[in-house]
Amino acid sequence: MAAGIRVDGSRRPRSSLSLVQPSRRSTRSGRARGVAVADGVAIATRLLELWNGGERERLEEVISPDFQLDGPFSGVSGEPYRGRAGFRRWLADIEEQFERWEIHAESREVSAGCVLVSGHVHVRGRGSGVELDQPAAALVELRDDRVQRLRIFTSEAEALAAASAAG
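Per the numbering used here: the sequence shown ends with 167, consecutive numbering throughout.
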């Protein structure tokens, strides 16, 4: 399910989905490291809703204190963004480069505690006004009902290969 804004530019109705409470499922029923299967997809969906809804300051509600982000902007500094301060730095880097950044994607579980978010991003460069629409994917790794690690890729195939390599 795409979150936030449709490809035609119209807004989707706001979901009543809120942060997911810890599941009481046992390990045998799909719970991994504190996140039940359905909860992981719901958390990834919530992340997209907050992003596309312009509520980026609220994204910290769904990330863990020891959060790590690996993605295209990580290459600029050579290091992943770490912790909530790193997350805020990443947001500032995004805001500096782009005046608009929308994510149109669907989420599905690829392994226990890991959700694939796949679709495309639409961006408009700050200053240049150049607009791009490009494929994108991310692996959202969860622990204790929070996003522990976010790895951003340029394609679903690349993300799935990384998920397979991680085991």
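All C-beta atoms in this analysis are idealised placements derived from N, C-alpha and C, irrespective of residue type, glycine included.
- When C-alpha distances from H122 are compared across L116, A138, V110, A105, the shortest belongs to A105.
- DSSP lists A137 as the bridge partner or partners of F153.
- Fully enclosed alpha helix (DSSP H) runs of no fewer than 4 residues occupy 74-77, 83-97 of the segment 64-145, in order along the chain.
- Sorting G53, N52, E55, L59 by C-alpha distance to the C-alpha of R146 places L59 at the top.
- Distance from the Cα of A85 is smallest, within the candidate group E102, I63, P135, L116, for I63.
- By the neighbour-count definition (other C-beta atoms within 10 Å, threshold 16), G113 is a buried residue.
- The Cβ atoms of G125 and E102 lie no closer than 9 Å to each other.
- When the five nearest sequence neighbours on each side are left out, the beta carbons in the same chain lying within less than 8 Å of the beta carbon of E158 are those of A137, in order along the chain.
- The beta carbons of V110 and L142 sit about 12 Å from each other, so the pair does not count as a contact at 8 Å.
- Q134 and L91 have their alpha carbons spaced roughly 19 Å apart.
- Put simply, the backbone Cα of D144 is about 11 Å away from that of P65.
- V41 and R108 have their alpha carbons spaced roughly 6 Å apart.
- CA-CA distance, E96 to S164, rounds to 34 Å.
- Cα atoms of L150 and L139: separation of roughly 6 Å, rounded to the nearest angstrom.
- In the DSSP assignment, the residues bridged to V147 are I63, L142.
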